[in-house]
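Going by my numbering, the letters in the sequence shown line up with residues 2 to 223, in that order. Cβ coordinates follow ideal geometry from the N, Cα and C atoms, glycine included. Report on the structure given below.
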Amino acid sequence: MSKSEIIKYACPQCSRKTRFEIWKSVNVMLNPELRWEIMNDTLLKFRCKRCGFEQDVAYALLYHDQLNKHMIWWLPTLKEEETFQPEPSHQMLEMALHNYRLRVVNTYNKLKEKILIFESGLDDRAIEILKRYMWDVRLRDQGIAYEWIFFIERNIVPIHTEVVFSISPPGQEAYQIRIGGPGGYTRASDILYRVCGVPKDEITKWRIVDRDYSDLAQMGRG
Ligand SMILES: [Zn+2]
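Right, here's the structure in full:
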């Protein structure tokens, strides 16, 4: 079930109060239209009827995909360095949901990235290892810095999975890089499952899987 609430939101520009729908949780099997509204950035868009001011409004949202078995909890107030502790009601969910991937993210772009990774049938833990590997082997030596790297899509190619990332160097336009062959996702998942010994079926638990994940996996805490 998807849950929403109507609030009175004051326009930051003209102060007029307008009714605005806040989504607490989104079940995309029951409401597939909400998935599209998230991906095209319209779900959070506030538009003032008086002055036309537009703004993205950030609030806590639980994204639930029953078909692909994942839940992503977007908490905009969660700081990167903060140790994440799920609330009791969310711990109840952990116990009820077997074989689910449960993720916590602190930005909207990370929410969208997780959705795309899981819908592509990929493991976001291997994706984070691949990002790190790409950085260590291909980018750092070329003096390429970046602010963020996001997964964009998976290409269907024979044998080895090919993935496309969007990379944003500081102060420059984002561009795409394509990583395939045996040194790409195939190698990253091999490092994850075989070298780090992380089970494919993870223990159902809320967790953050981001750029620090590669270090955790190498330390045996993946
Ligand atoms: Zn206004």
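Cβ separation of residue i and residue j, assumed to be a contact under 8 Å, to the nearest whole Å
i      : j      : result
Leu44  : Leu31  : About 15 Å separates the two Cβ atoms, so there is no contact after all.
Tyr214 : Glu129 : 4 Å
Asn100 : Lys70  : 6 Å
Glu163 : Gly181 : 3 Å
Trp149 : Val106 : Rounded, the Cβ-Cβ distance is 13 Å, inconsistent with contact.
Lys115 : Ile168 : Rounded, the Cβ-Cβ distance is 18 Å, inconsistent with contact.
Met5   : Lys18  : Per the sequence shown, the amino acid found at residue 5 is Ser instead of Met. That belief does not hold up - the Cβ atoms of Ser5 and Lys18 are roughly 18 Å apart, past 8 Å.
Val29  : Phe47  : No, Val29 and Phe47 are not in contact; Cβ-Cβ is about 22 Å, not under 8 Å.
Phe152 : Leu117 : 6 Å
Leu103 : Trp207 : 5 Å
Arg20  : Ile39  : At roughly 20 Å, the Cβ-Cβ gap does not stay under 8 Å, so Arg20 and Ile39 are not in contact.
Gln224 : Cys52  : What the structure shows of the chain is the stretch from 2 to 223, and residue 224 is not part of that stretch, so it cannot be assessed.
Gly172 : Cys197 : So it is not a contact: roughly 35 Å between Cβ atoms.
Tyr186 : Leu131 : 6 Å
Pro77  : Ala97  : Not confirmed; about 25 Å, so no contact.
Near ligand 1: residue i beta-carbon under 8 Å from a heavy atom
i     : result
Phe21 : no
Checklist entry - So which residues touch the region around ligand 1, with touch meaning a C-beta under 6 Å from any heavy atom? => result Cys12, Gln14, Cys15, Arg17, Cys49, Arg51, Cys52 and Phe54
Item to check | beta strand (DSSP E) runs contained entirely in the region 22-96, provided each spans 3 or more residues | outcome: 46-48, 55-57, 62-66 and 71-75
Next on the checklist: Any contact between the region 201-209 and the region 147-159? By contact I mean 3 or more CB pairs, one from each, below 8 Å.
Outcome noted: no
Checklist entry - With contact counted as at least three CB pairs below 8 Å, one residue from each stretch, are the region 133-140 and the region 113-125 in contact? => result no
Item to check | Sequence ranges, beta strand (DSSP E) only - wholly within the region 108-136, length at least 3 | outcome: Within the region 108-136, no complete beta strand (DSSP E) run reaches 3 residues.
Next on the checklist: Just to confirm the assignment: which complete alpha helix (DSSP H) runs, minimum length 4, are found wholly within the region 148-211?
Outcome noted: 186-191
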